[in-house]
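Asker:
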Amino acid sequence: MAHSHDHSHSGDGHSHGDTLGHVVPVKTFAKVLGALLVLTIITVAAAKIDMGKWNIVGAMVIASIKASLVILVFMHGKYENKIIWTYILIPFILLAIMIGGVFTDDPFRDRIQHFKVTEQAK
Amino acid sequence: MSAHASTAHGNDEVNYLNWKTGIWSWLTSTDHKRICFLYLFAIMIFFIGGGIAALIMRTELAFAGPTIIKDPHLYNILFTMHGVFMIFLFVVPGIPATLGNFLIPLMIGAKDVAFPRLNLFSFYVYVIGALIGGYAMLNPVDTGWTFYAPYSTTTNTSVSLMVFAAFVLGFSSILTGLNFIVTIHQLRAPGMTWMRLPVFVWASYATAVIQTVATPVVGMTLLLVIAERAFGAGIFDPTKGGDPVLMEHLFWFYSHPVVYIMVLPAFGVVGEIIPVFSRKPLFGYKMVVISSMAIAAVGFIVWAHHMFVAGISDFSAKFFSIVTFLVAIPTAVKVFNWVSTMYKGSISFKTPMLYAMAFVFLFMVAGTTGIYLAMLGVDVYYHDTYFVVAHFHYTIQGGAVIGLIAALHFWFPKMTGKIYSERMARIAFAFLFFGFNLTFIPQFILGMDGMPRRYYDYPVQYQTLHTISTIGAYLNGFGYTFALVNLLWTAKFGKVKAPRNPYNSTSLEWQTASPPVHENFETTPVVDHDPYNYGTHSHA
Amino acid sequence: MSNAAIVDHNVPPGEPPHIHHMDTPTAYGAAKLGMWLFLATEILLFAVMFCSFAIMRYYHLHEFHEASHHLDLRAGALNTAILLFSSYTAAVAVTKAQMGDNRGVVKNFTYSLLCGFGFLIVKSYEYTHKAHEGMFPFVWNSDFYHYKNFLGLYFCMTGLHALHVIIGMAIMFWYGIRPARNNRFSGKYYTPVELSALYWHLVDLIWIYLFPLLYLVG
Amino acid sequence: MLGLLGEQGSDFAHKVDYAHDVVTIISVVCTVLIVGVMLYFAVIYRQRNGKDHETPAIEGNNTLEVIWTVFPTLVCIWVAWLGYDSFVDLRTPPANAMEVNVTGRKWAWDFQYSNGKKTTSELVVPVGEPVKLIMTSRDVLHSFFVPVMRTKMDVIPGRYTQEWFRPIKTGDFQVFCTEYCGNEHSKMMARLKVLPRAEFERWLADDSEAKKLAAMKPSDMGKQLYVAKSCNTCHSLDGSPKVGPSWLKLYNRQGTLTNGQSYVADHNYIKESILNPSAKIVSGYSAGMMPSYDGQISDVEIESIIEFIKTVDGSQKIEPEVTLPKRQDAGASAASPADRGKALFQDSANACSGCHSIDGSRMSGPSFKGLWGRKEKLADGTEVSVDAAYIKESIWKPQAKVVAGYPPIMPGIYEGKLSEENINDIIEYIKTLQ
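Chains as they are written, first to last, in numbering that gives the first Met the number 0: chain Z, 0 to 121; chain G, 0 to 539; chain C, 0 to 217; chain F, 0 to 433.
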């Protein structure tokens, strides 16, 4: 709440010369693209190895690294202010809450014996 | 307290109401104040529609056995219609889209919202949603407003259309919320610091956040219901390996926070009204602000308290029960602050103040009965009984709708430039308040006796209380009609012109003309004090 | 009691409405915040399906594994590369706009558009193939009945994603390419380019998660 | 304490009620205090003579803020604990609990005991012993709510949920469905009958009928069921067409359906047709005539009926076959209204006799013997005396007033099929069956 009272600026403190926002050189983008493609290959390769339930963890970790790269560089996230970062993070937090909340339910449900309607009859 | 500086510039003749005329100029206006009226008229249609549905239902329920409705299917349609109209089409856009639209720019000293055209667009999205919903009523839905699977995925009424309408309406809600967030961040007048924002703006901000980030969840959930119906996606339908309880989870993930979309702005309204009529600063402004944000945040982690008997795991039920109690604390803090604001005040009982005080009482009842429903063992008994119905109506009607009516009375002079008849407004208030309690207190008792909700017919032992409740409903309906007709009549034919600042308020929206000029302020305001700048500081 | 000082500030009287509604940096900040908020809602739209996916996978782990092998991994990987590349060109377009290079904007957004088309072509190839095999809505083959939960989600997720691809392409064309051809953008004004690109990156972002979930680990 | 929730029927009810009463007292005290303080302020600090008096600019008080944040927190913790505590009991059935299977369906409750005994809309349990209900649904969500037991749980298709209670007193209690489930949601009730132990044992052991059936050869059992389940009303064994297709050489018969597709009357087809009669209608017959036997018939019974069908080759004699008159224009040929009514009753096109006996024996619907003027207890607990209006309503709108203890399975096909005159004739006929 303690952020700038000076509302009339965009809050983007990284203005470069003429432009309103930060200018990222094309070369940086190219490097990131390379990294993303390499990470994709790693994901595919990692999926070929059977690591049980760690497969999905690994895949999600790599995906999250890729997503962070996209947000930070491609989407100029690195140069955005706190407000925007709040709203970048909120959906991910809510997704975590949603999945976390739903998973307090299903894995903990009583496994009631499938008595009997059928068993009894047979 | 004076507004001399500005009256010099003021031109009372030209204002936002008359600077352009003709229906077309209203329908295409991007002026937030005019859009407020567009919404107001649109939602009132559905308020009346939902209200009539409620009265028909109450009439049917007045006596045991089939009375005026011969077919239970029709009854089921009516309560679905009542729920869908009241929730998706009336209360959710209720305060935010009408008064939020009107007041946020005025209160923060802006000319308009950040995206005026988007604002108008979201109104028309609302209209499209409403039209789709209306079209769906040709084969009326009978699922209840909750659209629980697998009933909703198997009934042959037009559920797909109706939930699509709800999806579209959600889109409108999202765009409104988004607009407000950006407006409050970017367009505050010079000197309007965050801690000088009126609590209504804070409440609206919290509301807007919920609108923006919760609504997509229900939107997608409803789309998945359509997918289930259209091609059996196998997500919610148990016969295809889906999980109906998952649908409940996702539905309540939005539909619990939506309760705060409805009621938080009403908190804001009460926080505005009480200081003005007590001539006191709002007691504990900071805590009121923090509690608004806390309610919005906690609202996202308590949803499964709607599902204690839905077949969720005991662990889940226990977890969600405990976090639910977290809501009680900031809400209690708010009530304490409102009441303390009146301490040593100079209290006048204009109609808005009567509504605000009624709100405190009704909300105490709503809040304390909410405690029962958060308690695991007790909720098992009360779940899906009339106790829940009564609690919900105390929260939403006693909270959000009374808040809306209070706000309409309070800001009426600003919105229309007219002064309504205080006597008529008080008579309406009396009917409304008395009728409301007469409707729903018997329903609490019915709930204690175990009467389940959504029953077309009931065992005879419940009849007396149902009859009383029906009488109350009619009084309540009469009160609403009276209040709204009074306001509408005054707006159209009223003779008494409102001054700039009829209540001697110190917050910004009262410092401009009544009604305001097209771009709100004759000159950009510079704010140098708190919104509730009342009373004398003791120089001890 | 202090006055509510209302001082003439900076707006000359008689201005037409809304033209000077906000000054340029404010408008830029507002538009960007608005867009990010909108992207947040989009992510939450997909969040529901990710959550459903998690639960359904929990219940039908084995079926999900098997069913994911029925998807065309090469098509999925190709589409991933296409989208990553298109995201890169979209990002480059923003830099070009910031430098006032309108032709660069047109060129790079056109690459992105073409990639979008490529993505859709591959996707429709996959869909037709699935329809052929009887793993498609309305033509379910009962042999694949137990894959229904996976495939239902697969079609909901990729279908909605494809819809976003189409919307993203329309936005890039309408708000990016079209005005750029009229040399509208400069270092002072390139908001539409940045917002279109942001939207397009979101499409990529979602796919980054969809690809391993659907095609790889199942 | 306060007894707000009414009669307590289970041993944990008092715990729930205690939690409820504690929170009631807290709520009332808080509401009265807050509203009282508000009104007190309103009175003593009211504006006088329409003029404002000077007010202090009090902006807050940290001590107070802390107090009224901490105090509600403490109260909430206590109250949450009370709710939690009562809930743990509600959800912890003792290991030795007697299990009863409960199936919810639109719109009735079926119960099955571990010895195979089945009831509909009536759950009988012994007093003083824990009962665990293992519940599932056949169609949509339902919820099994026994107010006196203070317990409730949703019933979900495709899954089992459970609830339990230990009754502490005998008597008849109400069971509601509290999860909205469609048109007759408010009629989806059941009785909970708590009996003394010995009486319950007797009731449970009374399975003479079931035992006799179980001892039989499947095809013989099927033959018995053919009559007991009223199949004979609509399906002949000699190839003559009735309301439904004949069972003569039915097994593996091939033919076309009303939708043009072909069918083979194999195991699956027959089973489906029993459980979901409208799914596949043989060409030449109409849908909606046969009530669903879903929930009315066990898998074993279906098996034995199929075994019986396999044996039907035209040689079978149907011993208790009601001699049905040939289909006729019922109204014209008979003389008195009662005779016309009798003809309508026996007319296989109406199939009344499939579910209603005329000798007082219990079938799927109430017997017509002595029906006229009888007081019937309805499923919703109200009473109705059988008069012309009730019979008419029951024929045209069978689900409107279902007699307690009977499943709501009568098809709603008679409106438009039977005229008012026809019904009057039937009423005259019923009057003769005293």
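Virtual Cβ for every residue (Gly too), placed ideally from N, Cα, C.
Answer with buried or exposed for Gln-396 (chain G), where buried requires no fewer than 16 other C-beta atoms within 10 angstroms of its C-beta.
Answerer: It counts as buried.
Asker: Grab me the residues of His-305 (chain G)'s own chain with a C-beta within less than 7 angstroms of its C-beta, minus the 5 sequence neighbours each way, in chain order.
Answerer: If we look at His-305 (chain G) and ignore the five residues flanking it on each side, its Cβ neighbours are Trp-251, His-255.
Asker: Would Arg-373 (chain F) be called buried (16 or more neighbouring beta carbons within 10 Å of its own) or exposed?
Answerer: With fewer than 16 other Cβ atoms within 10 Å, it is exposed.
Asker: Among the candidates F:Ser-85, F:Val-27, F:Val-402, whose CA atom is the shortest distance from the CA of His-355 (chain F)?
Answerer: For the residues F:Ser-85, F:Val-27, F:Val-402, the minimum Cα distance to His-355 (chain F) belongs to F:Val-402.
Asker: So which residues of chain F does Thr-394 (chain G) contact, with C-beta pairs closer than 9 angstroms?
Answerer: Here the premise fails: no neighbours, minimum Cβ distance about 14 angstroms.
Asker: Suppose you measure from the CA of Trp-80 (chain F) to the CA of Leu-212 (chain C); what does that come to, to the nearest Å?
Answerer: If you take the alpha carbons of Trp-80 (chain F) and Leu-212 (chain C), they lie about 41 angstroms apart.
Asker: Just to confirm, is the Cβ distance from Ile-426 (chain F) to Ala-387 (chain F) under 9 angstroms?
Answerer: Result yes, Cβ atoms of Ile-426 (chain F) and Ala-387 (chain F) sit closer than 9 angstroms.
Asker: Are there 16 or more other CB atoms within 10 angstroms of the CB of Asp-109 (chain Z), so buried, or fewer, so exposed?
Answerer: So Asp-109 (chain Z) counts as exposed.
Asker: List the residues of chain C that His-184 (chain G) touches, going by C-beta distances under 9 angstroms, in chain order.
Answerer: Those are Gly-28, Ala-29, Leu-32, listed as they occur along chain C.
Asker: Thinking C-beta only, is Phe-314 (chain G) closer than 9 angstroms to Thr-103 (chain Z)?
Answerer: Yes, the Cβ-Cβ distance between Thr-103 (chain Z) and Phe-314 (chain G) is below 9 angstroms.
Asker: With a threshold of 9 angstroms between beta-carbons, can Ile-127 (chain G) be considered close to chain Z, or not?
Answerer: With 9 angstroms as the cut-off, Ile-127 (chain G) does not count as an interface residue toward chain Z.
Asker: Roughly how many angstroms lie between the CA atoms of Leu-486 (chain G) and Gly-476 (chain G), to the nearest whole one?
Answerer: So the alpha carbons of these two residues sit roughly 16 angstroms apart.
Asker: Against chain G, with Cβ distances strictly below 9 angstroms, would Trp-67 (chain F) count as a contact?
Answerer: True, the Cβ-Cβ gap to chain G drops below 9 angstroms.
Asker: Could you name each continuous alpha helix (DSSP H) segment of 4 residues or more that falls completely within the stretch 23–83 of chain C, going from the start of the chain to the end?
Answerer: If we require 4 residues or more, the alpha helix (DSSP H) runs fully inside the stretch 23–83 of chain C come out as 23–58, 60–68.
Asker: Gly-133 (chain G) to Leu-122 (chain F), Cα distance in whole Å?
Answerer: Between Gly-133 (chain G) and Leu-122 (chain F), the C-alpha separation is close to 44 angstroms.
Asker: Using 9 angstroms as the limit for Cβ to Cβ distance, is Val-200 (chain G) near chain C?
Answerer: So, not an interface residue.
Asker: Closer than 7 angstroms by C-beta to Thr-118 (chain F): which residues in its own chain qualify, once you throw out the five before and the five after it? Chain order, please.
Answerer: The answer, listed in chain order, is Phe-110.
Asker: Under the assumption that Ala-161 (chain C) contacts Lys-187 (chain C) (Cβ atoms under 8 angstroms), give the Cβ distance between them as a whole number of angstroms.
Answerer: Rounded, the Cβ-Cβ distance is 36 angstroms, inconsistent with contact.
Asker: With Thr-119 (chain F) as the anchor, note down where its beta strand (DSSP E) starts and where it stops.
Answerer: Start and end: 117–119.
Asker: Tell me the rounded alpha-carbon separation between Asn-17 (chain G) and His-21 (chain Z).
Answerer: Near 45 angstroms, if we compare the C-alpha coordinates of His-21 (chain Z) and Asn-17 (chain G).
Asker: Scan the stretch 352–363 of chain G for residues whose Cβ lies nearer than 8 angstroms to a Cβ of chain F and list them as they occur along the chain.
Answerer: Listed in sequence order: Met-356, Val-359, Phe-360, Met-363.
Asker: Under a Cβ-count criterion, where at least 16 other Cβ atoms within 10 Å of its own Cβ denotes burial, should Ser-360 (chain F) be classed as buried or exposed?
Answerer: Exposed.
Asker: Can the beta-carbon of Trp-35 (chain C) be found less than 9 angstroms from the beta-carbon of Ile-98 (chain Z)?
Answerer: Taking 9 angstroms as the Cβ cut-off, Trp-35 (chain C) and Ile-98 (chain Z) do not qualify as a contacting pair.
Asker: Check the Cβ of Met-97 (chain Z) against every Cβ in chain G and list those closer than 7 angstroms, keeping chain order.
Answerer: Simply Phe-252.
Asker: Quick check: is the beta carbon of Met-152 (chain F) nearer than 9 angstroms to any beta carbon in chain G?
Answerer: Output row for Met-152 (chain F): interface = yes.
Asker: Less than 9 angstroms separating the beta-carbons of Phe-164 (chain F) and Pro-129 (chain F)?
Answerer: Cβ distance < 9 angstroms, so Phe-164 (chain F) and Pro-129 (chain F) count as in contact.
Asker: If you drop the 5 nearest sequence neighbours on each side, which residues of the same chain put their C-beta closer than 8 angstroms to that of Lys-450 (chain F)?
Answerer: Because chain F is modelled from 0 through 433, residue 450 (chain F) falls outside the range shown and cannot be assessed.
Asker: Locate the alpha helix (DSSP H) running through Ile-436 (chain F), then write down its first and last residues.
Answerer: Nothing in the structure corresponds to residue 436 (chain F), since chain F is present only between 0 and 433.
Asker: Counting along the chain, where does the alpha helix (DSSP H) carrying Ile-177 (chain C) start and finish?
Answerer: The sequence given here has Arg at residue 177 (chain C), not Ile. That run of the alpha helix (DSSP H) goes 177–180.
Asker: Please report how far the alpha carbon of Ala-303 (chain G) lies from the alpha carbon of Ala-373 (chain G), in whole angstroms.
Answerer: C-alpha separation (whole angstroms): 10 angstroms.
Asker: Using the Cα positions of Ala-327 (chain G) and Ile-70 (chain Z), report the straight-line distance between them to the nearest angstrom.
Answerer: When rounded, the distance between both Cα atoms is 38 angstroms.
Asker: Report the option in C:Ala-90, C:Asn-148, C:Leu-38 whose CA atom is closest to the CA atom of Trp-84 (chain Z).
Answerer: Minimum Cα distance to Trp-84 (chain Z) is reached at C:Leu-38.
Asker: With burial defined as no fewer than 16 other Cβ atoms inside 10 Å of the residue's Cβ, what is the status of Ala-331 (chain F): buried or exposed?
Answerer: With a pLDDT of 42 at Ala-331 (chain F), under the threshold of 50, the modelled position of this residue cannot be trusted, and the question is left open.
Asker: Quick one: what does DSSP say Val-322 (chain G) is sitting in, helix, strand or coil?
Answerer: DSSP places Val-322 (chain G) in helix when its eight states are reduced to three.
Asker: Please report whether the beta-carbon of Pro-215 (chain G) lies at a distance below 9 angstroms from any beta-carbon of chain C.
Answerer: Answer yes: the Cβ-Cβ gap between Pro-215 (chain G) and chain C drops below 9 angstroms somewhere.
Asker: From which residue to which residue does the beta strand (DSSP E) around Asn-100 (chain F) run?
Answerer: Run containing Asn-100 (chain F): 97–104, per the beta strand (DSSP E) assignment.
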